[in-house]
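Respectively, the protein sequence lines represent chains B and Y.
Residue numbering for the first sequence follows the numbering used here, beginning at 1230 and increasing consecutively.
Residue numbering for the second sequence follows the numbering used here, beginning at 2 and increasing consecutively.
We treat Cβ as the ideally placed atom computed from N, Cα and C, and that holds for glycine.
Note that the coordinates shown come from a computational prediction; the quantities given were computed from them, not determined experimentally.
Taking it in order: structure first as structure tokens, then the write-up.
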Amino acid sequence: MRRIINLVLVLGMVLTLGACASASKDDDDLVQVGGTEGVGSENANSMQSLDDPSSPLSKRVIYFEFDSSTIQSDYQELISAHAAYLVENPDVSIVLEGHADERGTREYNIALGERRAKAVRQLMTLQGVTEKQLQVISFGEERPVALGHDESAWSLNRRVEILYSGQ
Amino acid sequence: MIRPLFNRSILLVCLWILSAKSFATLTIDITQGVEGAMPIAIVPFEWKGKEPLPEDVSGIIRSDLHRSGRFAPINDDDLISRPHEGKQVNFTDWRVLEIDNLIIGKIDLNKKGEYQIQFQLFDVIKGSQITGYSINTDAKGLRRTAHRISDIIYEALMGIRGAFDTRIAYVTLTKTSNGKKIYNLAVADADGVNEKIIFKSAQPVLSPSWSPDGKHLAYVAYSRGRPELYVQNIHTRRTKRISSYQGLNNAPAWSPNGKYLAMTLSKDGNAEIYILDIASNKLGRITNNYAIDTEPTWLPDGKGLIFTSDRGGGPQLYQIGVSGLQSSGKVKRLTYEGTYNARASVSPDGKKVVMVHRADRKFHIAVLDLKTEHFTILTESELDESPSFAPNGSMIIFATEYENQGVLSAVSVDGRAKQRLSLKEGDVREPAWSPFKSR
């Protein structure tokens, strides 16, 4: 579904602003991207690069150790790529969604998920992204992506997801 | 033989309003009995009516006492006689069965068309009545009356009030026919019967906390895509959103006097404990630390909070004094055993704290005696969470996993009696045991 909306969005940008606005009808957030003055080929290209599987921007998940919100060095590049994109596109905003694995207590895990998302937010703001481009929401252990009860599932659930508006 | 007399009679006016006939969705399995539980005989109560009784009153009493882990009711087949009145009891016969106590009773319809339930509890060894009542109720109140009789018997024999006539709140996660997840906030009797769903959402719902009068629940719901706090009347279902700051609005805990809600907010930076004065909507900040501070719970005297903080590295329990909307005194660390102790529930007498404790990479429920600092792991299951004390302090209900399903489990405070409450399909979690109902 996201992909379809994105296709419509890119097409809309290439054609006319009007077409873009109509594609955005169902989602206010889309207007932030498409409704900007002077949307040109550069922005359209950037939006495409978000979906380019070879671009670092296609990677949207940062994983964590148990009970930790320390960002491992492997993810610095990923975070920097998104930060650079957001600096270049100040009208684009993202949600940083923090998650935890099922172990431990639910409310502590919500606080932990928030701290993970805020750790990513801090790195991005240090690289020049404005606070208003970054929204933090924590779901703790409430939204697992892997349903098993072992480390292979848990490691996938301890994460921050980068969600672009309209994607 | 001592001729039994009724000590006094009480009339119970039952204001229990039942909506449409509801069915038990939680089923209870007793997974561990107690060695040395008191053997007791419960003779099925006499009922001469033409229609069957709407509720099996003596059966409910029997399963209540069994569930408590304190009593071992003997099988009906082993009953040597079936007396319904004191004068029919031959104590010599009952002593042969090596039981300590005997419960008998009968149910009649009175002139008003109400059910009149008479019951007597006997000490078989002494050959005397311990207590006995006659209680009137309508059909709708039969079940509750049975729980109240269980409470009277429990109190007469154990010396502390029974918690059978109470409720539990919990969250179930079910799927619609097209596979959509639904979170249901439910309230049921303590034995899982009479479940009523008071709130449904496609988004996560968690952390129900009872108001001390047992009429309201505060809880966290993601209905608008992020965590916010709501208060709902469980009878009228009226709901109010009470906290919606940026960031976390989580972990509500009602103060013992009902005036305040302790909660976790992150509006000023990171997860901190605050107290909201419900009437004035004033907010006081209680903690101020770069670490996570969350999961506040009140001491029974309302003069302090126990909460989870990872200020020492990993999550541990801490205590802080509070006065109105302000903190008082220093923060004191309570737990040192292991690397993970979180989500406290304090016993009604304030002497014990149960928590989620990590040991050998597994998450159990553990209890800490605040005075002796004696620390005991109560459970063997592995993904235990959300412990909640019964209002009489005898049992702890908590959530765990069993055969890949989220279930509730209850354990006696000494770890000896265990039972499991599960759904046929779907997960059940986040239990919160209600306060006592007013007598």
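Quick one: is Gly1333/B near chain Y, going by C-beta distance under 8 Å?
For the purposes of this step, residue 1333/B is identified with residue 104 of the first sequence, where counting begins at 1. Chain Y contact via Cβ: present.
Using a Cβ-Cβ cut-off of less than 8 Å, give me the residues of the stretch 1356–1368 of chain B that come near chain A, in sequence order.
This model lacks chain A altogether; the protein chains it does include are B and Y.
Would you please state the rounded distance, in angstroms, between the beta carbons of Glu1343/B and Ser1367/B? I believe it to be under 8 Å.
Residue 1343/B sits at position 114 when you count from the first residue of the first sequence. Residue 1367/B sits at position 138 when you count from the first residue of the first sequence. Between Ser1367/B and Glu1343/B the Cβ distance is about 4 Å, and since that is below 8 Å, they are a contact.
Excluding the 5 residues flanking Glu402/Y on each side, which residues of the same chain have their C-beta closer than 6 Å to its C-beta?
In the second sequence, residue 402/Y corresponds to position 401, counting from 1. Excluding positions up to five away in sequence, the list reads Leu384.
My output table needs one value for Thr28/Y: the three-state DSSP class, helix, strand or coil.
Mapped onto the second sequence, residue 28/Y falls at position 27. Three-state DSSP puts Thr28/Y in a strand.
For the beta strand (DSSP E) that Gln130/Y lies in, which residues bound it at each end?
Position 129 of the second sequence holds residue 130/Y. Its beta strand (DSSP E) spans residues Ser129 to Thr138.
In whole angstroms, give me the CA-to-CA distance for Leu1315/B and Ile293/Y.
As a working mapping, residue 1315/B is identified with position 86 in the first sequence. As a working mapping, residue 293/Y is identified with position 292 in the second sequence. Using only the alpha carbons, I get a separation of about 29 Å.
Counting only beta-carbon separations shorter than 8 Å, does Leu6/Y have a partner in chain B?
As a position in the second sequence, residue 6/Y is number 5, starting the count at 1. The predicted position of Leu6/Y is uncertain, since its pLDDT is 33 and thus under 50; a value taken from the coordinates is nonetheless stated next. For Leu6/Y, the answer is no, since every Cβ of chain B falls outside 8 Å of its Cβ.
Assuming Ser435/Y and Pro388/Y are in contact, meaning their beta carbons sit under 8 Å apart, how far apart are those beta carbons, in whole angstroms?
Taking the first residue of the second sequence as position 1, residue 435/Y is located at position 434. Taking the first residue of the second sequence as position 1, residue 388/Y is located at position 387. The pair is not a contact, with the Cβ atoms about 15 Å apart (cut-off 8 Å).
Use the C-beta contact count for Ile81/Y: other C-beta atoms within 10 angstroms, 16 or more gives buried, fewer gives exposed.
Taking the first residue of the second sequence as position 1, residue 81/Y is located at position 80. With fewer than 16 other Cβ atoms within 10 Å, it is exposed.
From the DSSP output, in three-state form, read off His1311/B for me.
In the first sequence, counting from the first residue as 1, residue 1311/B sits at position 82. DSSP places His1311/B in helix when its eight states are reduced to three.
What are the boundary residues of the beta strand (DSSP E) that His1328/B is part of?
As a working note, residue 1328/B is residue 99 in the first sequence. Unbroken beta strand (DSSP E) run through His1328/B: Ile1323 to His1328.
On the three-state DSSP scale, how would you describe Lys49/Y?
Residue mapping note: residue 49/Y aligns to position 48 of the second sequence, counting from 1. Of the three classes helix, strand and coil, the one that applies to Lys49/Y here is coil, per DSSP.
Quick one: is Ala433/Y buried, meaning 16 or more other Cβ sit within 10 Å of its Cβ, or exposed?
Stepping through the second sequence from its first residue, residue 433/Y is reached at position 432. Its Cβ being crowded by 16 or more others within 10 Å, Ala433/Y is buried.
I need the straight-line Cα distance from Lys107/Y to Phe120/Y, nearest angstrom please.
Along the second sequence, read from residue 1 onward, the residue named residue 107/Y stands at position 106. Along the second sequence, read from residue 1 onward, the residue named residue 120/Y stands at position 119. Taking the straight line joining both Cα atoms gives about 7 Å.
Enumerate in chain order the residues of its own chain whose CB-to-CB distance from Glu273/Y is below 8 Å, with the five nearest sequence positions on each side excluded.
Position 272 of the second sequence, counted from the start, is the residue given in the question as residue 273/Y. The residues are Thr265, Leu266, Ser267, Arg286, Ile287, Thr288, Asn289, Asn290 and Asp294.
Round the Cβ separation of Glu1390/B and Glu1317/B to the nearest angstrom and send it over; I've been treating them as touching at under 8 Å.
Numbered from 1 along the first sequence, position 161 holds the residue referred to as residue 1390/B. Numbered from 1 along the first sequence, position 88 holds the residue referred to as residue 1317/B. Their Cβ separation, rounded to whole angstroms, is 21 Å, which puts Glu1390/B and Glu1317/B out of contact at 8 Å.
Output, in chain order, the set of chain B residues within a Cβ distance shorter than 9 Å of Ser423/Y.
Along the second sequence, read from residue 1 onward, the residue named residue 423/Y stands at position 422. Here the premise fails: no neighbours, minimum Cβ distance about 17 Å.
Report the rounded CA-to-CA distance for Ser1394/B versus Thr298/Y, giving the unit in angstroms.
Position 165 of the first sequence, counting from 1, holds the residue named residue 1394/B. Position 297 of the second sequence, counting from 1, holds the residue named residue 298/Y. Rounded to whole angstroms, Ser1394/B to Thr298/Y spans 38 Å at the Cα level.
How long is the line joining the alpha carbons of Arg149/Y and Gly37/Y, rounded to whole angstroms?
Here residue 149/Y refers to the residue found at position 148 when the second sequence is read from its first residue. Here residue 37/Y refers to the residue found at position 36 when the second sequence is read from its first residue. Each residue's alpha carbon lies about 25 Å from the other.
Mind pulling the alpha helix (DSSP H) runs of 4 or more residues that sit fully within the stretch 173–233 of chain Y?
Taking only runs of at least 4 residues, no alpha helix (DSSP H) segment lies wholly in the stretch 173–233 of chain Y.
Per DSSP, Val1290/B forms a beta bridge with which residues?
Here residue 1290/B is taken as the residue at index 61 of the first sequence, counted from 1. Answer is Glu1390/B.
Just reading off the alpha helix (DSSP H) that Lys419/Y is part of, what are its end residues?
On the second sequence, position 418 is the one that residue 419/Y refers to. Here Lys419/Y belongs to no alpha helix (DSSP H); instead the beta strand (DSSP E) covers Lys419 to Ser423.
Check the Cβ-Cβ distances between Lys1330/B and every residue of chain Y, and say whether any is below 8 Å.
Taking the first sequence and counting its residues from 1, the one referred to as residue 1330/B is at position 101. The amino acid occupying residue 1330/B in the given sequence is Asp; Lys does not appear at that position. Not an interface residue.
For Gly325/Y and Ser348/Y, what's the separation of their Cα atoms in angstroms?
The count along the second sequence starts at 1 and reaches residue 325/Y at position 324. The count along the second sequence starts at 1 and reaches residue 348/Y at position 347. When rounded, the distance between both Cα atoms is 22 Å.
Which of the residues in the stretch 199–217 of chain Y, read from start to end, lie with their CB under 7 Å from any CB of chain B?
Listed in sequence order: Pro205, Leu207 and Ser208.
Using a Cβ cut-off of 8 Å, pull out every chain Y residue sitting near Tyr1393/B, in sequence order please.
Translated into positions along the first sequence, residue 1393/B becomes position 164. What Tyr1393/B touches in chain Y: nothing, since even the nearest Cβ is about 16 Å away.
Could you have a look at Ala170/Y and say whether DSSP puts it in helix, strand or coil?
What you label residue 170/Y is simply residue 169 of the second sequence in a count that begins at 1. Strand.
What residue range is occupied by the uninterrupted beta strand (DSSP E) comprising Glu1360/B?
For this step, residue 1360/B is matched to residue 131 along the first sequence. Glu1360/B -> no beta strand (DSSP E), and no H or E assigned at all.
Which word fits Thr237/Y, buried or exposed, when buried means at least 16 other C-beta atoms lie within 10 angstroms of its C-beta?
The residue you call residue 237/Y lines up with position 236 of the second sequence. Answer is exposed; the Cβ neighbour count stays below 16.
So who's on the other strand from Gly241/Y, going by DSSP bridges?
Start at 1 with the first residue of the second sequence, and residue 241/Y comes out as number 240. One point to set straight first is that residue 241/Y is Lys, not Gly, in the sequence displayed. Lys241/Y pairs with Val232/Y.
Hey, Ser151/Y and Leu66/Y are a contact pair by Cβ (cut 8 Å); roughly how many whole angstroms apart?
Counting from one through the second sequence, the residue named residue 151/Y turns up at place 150. Counting from one through the second sequence, the residue named residue 66/Y turns up at place 65. Ser151/Y to Leu66/Y, Cβ: 6 Å. Contact.
Check whether chain Y comes within 8 Å of Ile1300/B, counting only Cβ atoms and requiring the distance to be less than that.
Here residue 1300/B refers to the residue found at position 71 when the first sequence is read from its first residue. Chain Y, which has no Cβ nearer than 8 Å to the Cβ of Ile1300/B, makes this no.
Using a Cβ-Cβ cut-off of less than 7 Å, list which residues of the stretch 291–303 of chain Y approach chain B; keep chain order.
Listed in sequence order: Ile293, Thr295 and Glu296.
With a 10 Å radius around its C-beta and 16 neighbouring C-beta atoms as the bar for buried, classify Leu19/Y as buried or exposed.
Taking the first residue of the second sequence as 1, we reach residue 19/Y at position 18. Caution applies to Leu19/Y, whose pLDDT of 33 falls short of 50 and renders its modelled position unreliable; the value that the coordinates give is listed next. When all chains shown are included, Leu19/Y counts as exposed.
If you run the structure through DSSP and keep just helix, strand and coil, what is Glu273/Y?
Counting from 1 along the second sequence, the entry for residue 273/Y is found at position 272. Note: Glu273/Y maps to strand in three-state DSSP.
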